[in-house]
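2 protein chains.
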Amino acid sequence: MEPSIADVAKLAGVGKGTVSRVLNGHPGVSEKTAARVRQAIRQLGYTPNVQARRLAQKKSDLICFVLSNRDFLHEFHSLVLKGVENYCSKAGRDLVFALWRYPLDGNPESVVPPRIIANRGSVDGVILAGANHVECVKAIAKLGVQCVAFGNNLIGCTHLSEVDSVWYDEQPGTREAIRYLASLGHRHIRFAANISLPWFARNYRAYSDAMLDFGLAPALVSINDTCDYVEIGERAVQEILDLGEPTTAIFAGNDVVAVSVIRALSRRGLQVPRDISVVGFDDSPRCIESDPQLTSVHVPKETLGAECARFLIEKISSPDKVSGARVVPTHLVVRGSCAPPRQDVAL
Amino acid sequence: MEPSIADVAKLAGVGKGTVSRVLNGHPGVSEKTAARVRQAIRQLGYTPNVQARRLAQKKSDLICFVLSNRDFLHEFHSLVLKGVENYCSKAGRDLVFALWRYPLDGNPESVVPPRIIANRGSVDGVILAGANHVECVKAIAKLGVQCVAFGNNLIGCTHLSEVDSVWYDEQPGTREAIRYLASLGHRHIRFAANISLPWFARNYRAYSDAMLDFGLAPALVSINDTCDYVEIGERAVQEILDLGEPTTAIFAGNDVVAVSVIRALSRRGLQVPRDISVVGFDDSPRCIESDPQLTSVHVPKETLGAECARFLIEKISSPDKVSGARVVPTHLVVRGSCAPPRQDVAL
DNA sequence: TTAGCTGTTGGAACCGGTTCCGTAAGTTAT
DNA sequence: ATAACTTACGGAACCGGTTCCAACAGCTAA
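Residue numbers (our numbering), protein chains in the order written: chain A, 69 to 415; chain B, 69 to 415.
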């Protein structure tokens, strides 16, 4: 039988309350008594029972990381999770991991929250990562659970602070990328993705704004009927070549698309960056594994995770006092996939 | 104030015990009373308090997935985690995620377990994934926590059942791969990895056994001074070409090495599979993203996760009745990276 | 009619902590 | 020496469930 706080109290010749005070570092215990208690704790090898403490304090010190509508934890969210874990473990909180699937295009009313959230008191708060419908986030919040969402993959979100959320800002990194390409001499920089997906739409807007700022004309190729990034890259290259309009650089919606673009180009005998430049978005590990190494807009994934955790913990300790959106910037990482445009070739 | 079980009892005009019996589906409650209780529950919108139940039952229904000594959740363990999550959620258990770092080559005695495990009662059991020293697994088990380890990344493990663990078996898939290459006409199949890492050593043994079974001579190139898989692939190609011995196929220790091998070969003007065949190990998503698509030994990652969870839950419900090692087989997935050897070229 | 059995049910005791109240001991002021 | 105040500390009450025991009602068998 494991020793309880009563055993410690008896051995130290004090009351349960005093032991509790020593354990939690509360004031009002003389150093002499505290030492005796600590000695008894050591002697019995006593460890407090977490569940009992949770019941008494009416809090769980547990935070739930929910990954919504993803078939598994991809690199991106793995790193977000890492950031969350890191922050939580420093804050003395443990992390519950849960998956959540529901039809993103269905009626948000009929979506049932994951069991762990419905179970009252089982977690103090929730971080909603993966792709979520904004109404489902609101539904969770309405359940009386503290909740922070990862913003960039929200569906149906009309403005940043519609729900408490953490976002990366595509603008600075995208701007840097366009400035960089422009400084190399590029004028015909084309955006390639599927802008029916909200995150690509946001990227495109940032790209478009930056292009205009530098006096360049935005140009788009969007493959709207598939979510397979590899396919998007391949077909985008096909369309760009068919188009006949000049294109000296391709700004891909993310790194998977970019790598696929590079491969599709090389199959057609076009070398990157000699014949055409490519920029990715995400700065995922495959940037280094690809050949040439991919210049890409860095998204600070761990920072995003840490910000989610920080925000949530603030909400838990002072509900209704903090709310809104928090945004972290992106920046460009230059590698080997861009070069000045060739003068002699018109794509 | 949230309604408690006492409120339900009062409203239904019964005792707390009866409500509890109804909630847990225990026998000995008349249907008439049960209906009244259910009505009261609905009326109050009552949800049981998880922490109180956990305290009373002395169990948490929580399982902890510990990822050891990895910088983050890579694809492989992401899928293992997915398998675990899947099984757990069906078994009505929630999942706690924790990271654990300790020097793998240091003294296992001085390693401190993660807080979540040390906290008595906070989880019912632990799945140890990532790379662990076998002594550290034993140390956790000695703490009185039910525990199952992912076997293939164990360090210092002399035999399968040294600790309760789940393994994938390299043999069947590797055998298939060698048989396949042999059937294409290959005689000079070389294994490339870093066999100072235990998992590569195990792969090499399986490769070597299979080669001997088919009457072929095992041949090895091992890059022992780095754990960077991309570098292993590049330098392995270098060594193989420098060696001057005939090599018509390369069996890489894992897919990252394989992809790196393909790229290094192509930089030297050698095309896969025309000039040389390559087989990977893992069957990771990059097999499909690579060009040509990579033939690889499939490791059933989700199954591994599910087996870990099943094993652990069995151990929790009947401790000391189940133990040992559980093994799941691998198999070959044929894609486009192998072809008959060229007769005219001697590498 | 009475003893014996079964099916229900209420409620006390318990799980192992936290918190708060009352009191005893010690300290300072008058 | 006494009042007033501070500090230390024991222990009851509580958090919200589960479990077990005693009791009671209704039924059967002798």
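By construction, the Cβ of each residue, glycine as well, lies at the ideal position given by its N, Cα and C atoms.
Query raised in the report: Can you list the residues of chain B that G189 of chain A reaches, using a CB-CB cut of under 7 Å?
Result: The residue given as residue 189 of chain A occupies position 121 in the first sequence. Here the neighbours are N117, V118 and Q119.
**Report entry** Alpha-carbon spacing of A207 of chain A relative to S391 of chain A, whole angstroms
**Finding:** Against the first sequence, residue 207 of chain A aligns to sequence position 139. Against the first sequence, residue 391 of chain A aligns to sequence position 323. When rounded, the distance between both Cα atoms is 16 Å.
Query raised in the report: Is K443 of chain B buried or exposed, if buried means 16 or more other CB atoms sit within 10 Å of its CB?
Result: With chain B covering only 69 through 415, there is no way to say anything about residue 443 of chain B.
Query raised in the report: Which parts of the segment 178-220 of chain A are runs of the beta strand (DSSP E), unbroken and 3 residues or longer, counting only runs that do not cross its ends?
Result: Counting whole runs of 3 or more residues, the segment 178-220 of chain A contains the beta strand (DSSP E) stretches 193-198 and 214-218.
Query raised in the report: Going by Cα to Cα distance, which pick from A:V347, A:L309 and A:A285 is closest to H256 of chain A?
Result: Position 188 of the first sequence, counted from the start, is the residue given in the question as residue 256 of chain A. It is A:A285 whose Cα lies nearest to the Cα of H256 of chain A.
Query raised in the report: What span of residues does the beta strand (DSSP E) with P171 of chain B cover, start to end?
Result: As a working mapping, residue 171 of chain B is identified with position 103 in the second sequence. For P171 of chain B, there is no enclosing beta strand (DSSP E), as DSSP marks it with neither H nor E.
Query raised in the report: Taking 9 Å as the CB-CB limit, is I109 of chain B close to chain A?
Result: Locating residue 109 of chain B in the second sequence gives position 41, counting from the first residue. Cβ-Cβ to chain A under 9 Å: no for I109 of chain B.
Requested in this report: If I'm right that S405 of chain A touches S345 of chain A with Cβ under 8 Å, what's the distance once you round it to whole angstroms?
Outcome: Taking the first sequence and counting its residues from 1, the one referred to as residue 405 of chain A is at position 337. Taking the first sequence and counting its residues from 1, the one referred to as residue 345 of chain A is at position 277. S405 of chain A to S345 of chain A, Cβ: 6 Å. Contact.
Query raised in the report: Cβ of P409 of chain B less than 9 Å from any chain A Cβ?
Result: Within the second sequence, the letter at position 341 stands for residue 409 of chain B. Residue contact check for P409 of chain B against chain A: no CB pair falls below 9 Å.
Requested in this report: Work out the CA separation of D277 of chain A and A240 of chain A for me, nearest whole Å.
Outcome: As a first step, residue 240 of chain A is located in the first sequence; it is residue number 172 there, counting from the start. As a first step, residue 277 of chain A is located in the first sequence; it is residue number 209 there, counting from the start. It should be pointed out that residue 240 of chain A corresponds to Pro in this sequence rather than to Ala. About 11 Å.
Report task. Leaving aside the five residues before and after L147 of chain B along the sequence, list all residues of the same chain whose C-beta is less than 6 Å from its C-beta, in chain order. Result -> Residue mapping note: residue 147 of chain B aligns to position 79 of the second sequence, counting from 1. In the same chain as L147 of chain B, and ignoring 5 residues on each side of it, the C-beta atoms closer than 6 Å to its own belong to K369 and E370, in chain order.
Report task. Check the DSSP bridge columns for R410 of chain A and list the partner residues they point to. Result -> Numbered from 1 along the first sequence, position 342 holds the residue referred to as residue 410 of chain A. Bridge partners of R410 of chain A: none, in fact.
Query raised in the report: Are the beta-carbon atoms belonging to C215 of chain B and P176 of chain B less than 9 Å from one another?
Result: On the second sequence, residue 215 of chain B is found 147 positions in, with the first residue counted as 1. On the second sequence, residue 176 of chain B is found 108 positions in, with the first residue counted as 1. Taking 9 Å as the cut-off, the Cβ atoms of C215 of chain B and P176 of chain B do not count as close.
Requested in this report: Mind listing the chain B neighbours of E331 of chain A? Cutoff is C-beta to C-beta under 8 Å, in chain order.
Outcome: Within the first sequence, numbered from 1, the residue matching residue 331 of chain A stands at position 263. For the record, residue 331 of chain A in the displayed sequence is Arg; it is not Glu. Simply D359.
Query raised in the report: How many Å lie between N154 of chain A and N262 of chain A at the Cα?
Result: To locate residue 154 of chain A, count along the first sequence from 1; it is residue 86. To locate residue 262 of chain A, count along the first sequence from 1; it is residue 194. Those two C-alpha atoms are separated by around 33 Å.
Query raised in the report: Do you know whose CA, among A:G151, A:D173 and A:A102, lies nearest G85 of chain A's CA?
Result: If you number the first sequence from 1, residue 85 of chain A lands on position 17. From the listed residues A:G151, A:D173 and A:A102, the smallest Cα separation to G85 of chain A is found for A:A102.
Report task. Would you check whether the ligand SAM has a heavy atom nearer than 8 Å to the C-beta of V298 of chain A? Result -> Ligands in the displayed structure: none, and consequently the ligand SAM is not present.
**Report entry** Beta-carbon proximity of V164 of chain A to L130 of chain A, cut-off 9 Å
**Finding:** Indexing the first sequence from 1 puts residue 164 of chain A at position 96. Indexing the first sequence from 1 puts residue 130 of chain A at position 62. Yes, these two residues count as a Cβ contact at 9 Å.
Query raised in the report: So, using beta-carbon positions, are T398 of chain B and H366 of chain B closer together than 9 Å?
Result: Here residue 398 of chain B refers to the residue found at position 330 when the second sequence is read from its first residue. Here residue 366 of chain B refers to the residue found at position 298 when the second sequence is read from its first residue. Contact: yes.
Query - CA nearest to the CA of P181 of chain B, picked from B:A159, B:L211, B:S157 and B:K158 - result: Here residue 181 of chain B refers to the residue found at position 113 when the second sequence is read from its first residue. Of B:A159, B:L211, B:S157 and B:K158, the residue nearest in Cα terms is B:L211.
Query raised in the report: Three-state secondary structure (DSSP) at A250 of chain A?
Result: Within the first sequence, residue 250 of chain A is the residue found at index 182, counting from 1. Reduced to three states, the DSSP call for A250 of chain A is helix.
Query raised in the report: With a Cβ-Cβ cutoff of 9 Å, do R89 of chain B and V97 of chain B count as a contact?
Result: As a first step, residue 89 of chain B is located in the second sequence; it is residue number 21 there, counting from the start. As a first step, residue 97 of chain B is located in the second sequence; it is residue number 29 there, counting from the start. Yes.
Requested in this report: In the DSSP assignment, find the alpha helix (DSSP H) that holds I381 of chain B and state where it starts and stops.
Outcome: Here residue 381 of chain B refers to the residue found at position 313 of the second sequence. In the DSSP assignment, I381 of chain B falls within the unbroken alpha helix (DSSP H) covering K369 to S385.
Query raised in the report: Hey, is A320 of chain B's beta-carbon within less than 9 Å of any beta-carbon in chain A?
Result: By one-based count along the second sequence, residue 320 of chain B stands at place 252. Using beta-carbon distances, A320 of chain B does not count as an interface residue toward chain A, since no partner is under 9 Å.
Query raised in the report: Counting contacts by CB-CB distance shorter than 9 Å, is H142 of chain A in contact with chain B?
Result: Looking up residue 142 of chain A in the first sequence gives position 74. Chain B contact via Cβ: present.
Query raised in the report: Does the beta carbon of L130 of chain A sit closer than 9 Å to a beta carbon anywhere in chain B?
Result: Here residue 130 of chain A corresponds to residue number 62 of the first sequence, with the count starting at 1. Proximity of L130 of chain A to chain B, defined by a Cβ-Cβ separation below 9 Å, is satisfied.
Query - Cβ pair V213 of chain B, G198 of chain B closer than 9 Å - result: Your numbering for residue 213 of chain B matches position 145 in the second sequence. Your numbering for residue 198 of chain B matches position 130 in the second sequence. Result no, Cβ atoms of V213 of chain B and G198 of chain B do not sit closer than 9 Å.
Query raised in the report: Skipping 5 residues on each side, what residues in its chain have a beta carbon closer than 6 Å to that of P409 of chain A?
Result: Working through the first sequence from its first residue, we reach residue 409 of chain A at position 341. Counting only Cβ-Cβ distances below 6 Å, and skipping sequence neighbours, we find G253, H254 and T316.
Query raised in the report: Bridge partners of C132 of chain A, per DSSP?
Result: Translated into positions along the first sequence, residue 132 of chain A becomes position 64. Answer is A:V164 and A:V194.
Requested in this report: Please confirm whether A377 of chain B and A159 of chain B have their CB atoms less than 9 Å apart.
Outcome: Against the second sequence, residue 377 of chain B aligns to sequence position 309. Against the second sequence, residue 159 of chain B aligns to sequence position 91. For the pair A377 of chain B and A159 of chain B, the CB atoms are nearer than the 9 Å cut-off.
Query raised in the report: Distance, Cα to Cα, A414 of chain B vs I318 of chain B?
Result: Taking the second sequence and counting its residues from 1, the one referred to as residue 414 of chain B is at position 346. Taking the second sequence and counting its residues from 1, the one referred to as residue 318 of chain B is at position 250. Residue placement at A414 of chain B is flagged as unreliable, the pLDDT there being 49, under the threshold of 50; the coordinate-derived value follows with that caveat. Their Cα atoms are separated by approximately 14 Å.
Query raised in the report: Just checking my contact of F268 of chain B with G321 of chain B at CB under 8 Å: how many whole Å lie between their CB atoms?
Result: Taking the second sequence and counting its residues from 1, one reaches residue 268 of chain B at position 200. Taking the second sequence and counting its residues from 1, one reaches residue 321 of chain B at position 253. Right, their Cβ atoms sit about 4 Å apart.
Query raised in the report: From what residue to what residue does the alpha helix (DSSP H) around S233 of chain B run?
Result: By 1-based counting over the second sequence, the position of residue 233 of chain B is 165. Where S233 of chain B is concerned, there is no enclosing alpha helix (DSSP H), although the beta strand (DSSP E) around it starts and stops at S233 to D237.
Query raised in the report: From this set, A:L362, A:A120 and A:D296, which residue's C-alpha is nearest F349 of chain A's C-alpha?
Result: Along the first sequence, read from residue 1 onward, the residue named residue 349 of chain A stands at position 281. Here the closest residue by C-alpha is A:L362.
Query raised in the report: Is it a yes or a no for the segment 303-315 of chain B touching the segment 328-337 of chain B, going by three-plus beta-carbon pairs under 8 Å?
Result: Contact between the segment 303-315 of chain B and the segment 328-337 of chain B is present, because at least three Cβ pairs lie under 8 Å.
**Report entry** CB contact check: N154 of chain A to chain B, cutoff 9 Å
**Finding:** Within the first sequence, residue 154 of chain A is the residue found at index 86, counting from 1. Answer yes: the Cβ-Cβ gap between N154 of chain A and chain B drops below 9 Å somewhere.
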